[in-house]
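What follows is one structure encoded as structure tokens, with my remarks underneath.
In the numbering used here, the protein residues as written are 944 to 1098.
Spelled out as structure tokens, the structure:
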């Protein structure tokens, strides 16, 4: 896989998503892409080539004679965007799910940029010595959120 052209690799990943994968939309703000397979080295090679994602092992019932089952999982919004930028043009069976997922990812990333900008402005006000309650009123947030931003807990 590491010697394949970018297009060959992207088509392979798309085929795996179409055939063995699942594009999961959780609520209105979370997306996860999973590819299940019984051959872990294949999934490990995909993660290595992509540069993101992780491989997990599914728990299987001990009384049954199941093969071990592994899953390549991508759940970070930035990585979902990178995944579909890489292979999206080759997705044939799940283009609707991919489009829905990308809509959520783009909205979340847009919100993250807005929230990041707001938090930087709040932190700037805190560092300038303004009172937290005044900052909270100015930005329409709770004083507790201002405190968490000040302490670095929310970003």
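For each residue, glycine too, the CB sits at the ideal point set by N, CA and C.
Residue burial is scored here from C-beta neighbours: residue 1078 has at least 16 other C-beta atoms within 10 angstroms and is therefore classed as buried. Here DSSP, grouped into helix, strand and coil, assigns residue 973 to strand. The region 974 to 994 makes contact with the region 953 to 965; the number of CB pairs closer than 8 Å reaches 3 or more. Judged by their CB atoms, residue 1018 and residue 973 are nearer to each other than the 9 Å cut-off.
For the 9 Å CB-CB criterion, residue 997 and residue 1015 form a contact. The beta-carbon distance between residue 1069 and residue 1093, rounded to whole angstroms, is 5 Å. This is short enough to meet the 8 Å contact definition.
Cβ-Cβ separation between residue 1033 and residue 951: approximately 10 Å, too far for a contact (criterion under 8 Å). For residue 944, the CB contacts under 6 Å within the same chain, skipping 5 residues up- and downstream, are 988 and 992 in chain order. Per the C-alpha coordinates, the member of 971, 986, 948 and 946 positioned closest to residue 960 is 986. Of the residues 1075, 1095 and 956, the one whose Cα lies closest to the Cα of residue 1025 is 956. For residue 1082, the three-state secondary structure derived from DSSP is helix.
Here residue 1089 is buried, its C-beta having at least 16 other C-beta atoms within 10 Å. Distance from the CA of residue 1065 to the CA of residue 971, rounded to the nearest whole angstrom, comes to 27 Å.
In chain order, 995 and 996 place their CB closer than 7 Å to the CB of residue 1022, counting only its own chain and leaving out the 5 sequence neighbours on each side.
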